[in-house]
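Number 72 in this note's numbering belongs to position 74 of the sequence shown; there are no gaps in the numbering. In this text, a Cβ means the ideal position worked out from N, Cα and C, and glycines have one as well. Okay, so here's the structure we're looking at.
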Amino acid sequence: MIRWDAHMCLPLHPQASFAPIDQLKAAGLNYVSINVGMDMNPVSQVLSVIAGYRATIAAHPEKYALVSSVADIERARVAGQIAIGLDLEGAMPLLEQPDMVVLYASLGVRQIHFAYNRNNSVADGCHDVERGLTALGRRMVQAVNDAGLLLDCSHTGRRCSLEIMEASNKPVIFSHANPLTLVEHGRNISDAQIRACAATGGVVCVSGVSRFLGTPNPTAQDVARHAAFLADMVGVQHVGIGLDNGFSEEGLDDRPPGDFDRGFWWPESAGYARGISDIRYTPVDTWEKLDATLQSVGMRPDEAALVMGGNMVRVAQQVW
Ligand SMILES: [Zn+2]
């Protein structure tokens, strides 16, 4: 079985410690997608972070492997390494230039969504005015399809995400998003979005963030409850896990340079009382408990294995 976490965040700093990755590896994870920047991070920071993470991965081949295919992930598993892919949270680092998609792919980026909470020239964010996918956005969908990267609709406006999924000729995922029917929040996704994702052949990955799970101290049980709801709606083959664990590090400032307006990116009107400082994540050992917990909500062992990674393996095989 391949265990796949579709999204997590280290400090956005080139010197970030990979100790959290070691913990995830010890908890049995085989593949993890690591965020290298959001729309609020300038390209200078994104590139610096990519260079730093790549150097750390290259310095520890006994532990880490930067991968670009499912075959690479399988090789890493056999070699006792954790496989790593990078992801971008927003299209702003693409500088309105579709050719940038291939460049980021060559640096290890395997997954991208087009807007981070707010609108940009490519797509709508989930906490902004609905406009729909722009003409440039349609070209970006084509560029991501052509480059063989995973298109992700997390953090994206509802209407815009439906248009992205309609325009894509490959399966589309939500790497970290939960059902709106279970928890009312702008970051969670409607039944229409969930059904549209499944119709592309894609996967909705359950986030482990407290406010999107609707509980102050989330556990594997909460993740399993959301996964079971999704499985009942669109079938277990369209459910995955993207716990979105965020790690900070004492003394490491990873804020974007210059004036950084937390209230713009995490608006109070959307329920972010103190930016994202009050959110809690599922514990790292969630990955050790997930198999049994998914089975405790009614999944067979083979179905739990699909949710924990089999479905994302299938999609990556089709897309990468
Ligand atoms: Zn995110």
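Beta-carbon proximity of residue i to residue j, cut-off 8 Å
i	j	result
residue 48	residue 105	yes
residue 156	residue 182	no
residue 64	residue 73	no
residue 185	residue 236	no
residue -1	residue 306	yes
residue 218	residue 280	yes
residue 232	residue 187	no
residue 107	residue 147	yes
residue 315	residue 199	no
Closer than 7 Å: residue i CB and nearest ligand 1 heavy atom
i	result
residue 87	yes
residue 242	yes
residue 174	yes
Beta bridge counterpart(s) of residue i as assigned by DSSP
i	result
residue 382	Since the displayed the chain opens at -1 and closes at 318, residue 382 lies outside it and no answer follows.
residue 111	87, 150
residue 81	29, 63
residue 177	187
residue 203	238
residue 123	154
residue 36	87
residue 244	7
Which of helix, strand or coil DSSP assigns to residue i
i	result
residue 198	coil
residue 342	The question about residue 342 has no answer, for the chain in this structure spans -1 to 318.
residue 171	strand
residue 135	helix
residue 269	coil
residue 228	helix
residue 283	coil
residue 288	helix
beta-carbon residue i near ligand 2 non-hydrogen atom, thresh 7 Å
i	result
residue 153	Judged by which ligands are present, ligand 2 is missing from the structure shown, whose ligands are ligand 1.
Proximal residues to residue i (C-beta, below 6 Å), its chain only, five neighbours per side dropped
i	result
residue 149	142, 166, 170
residue 295	222, 226
Same chain, Cβ closer than 8 Å to residue i, five either side skipped, listed in chain order
i	result
residue 25	282, 283, 284, 285, 286
Residues near residue i in its chain [Cβ-Cβ closer than 7 Å; skip 5 each side]
i	result
residue 289	302, 306
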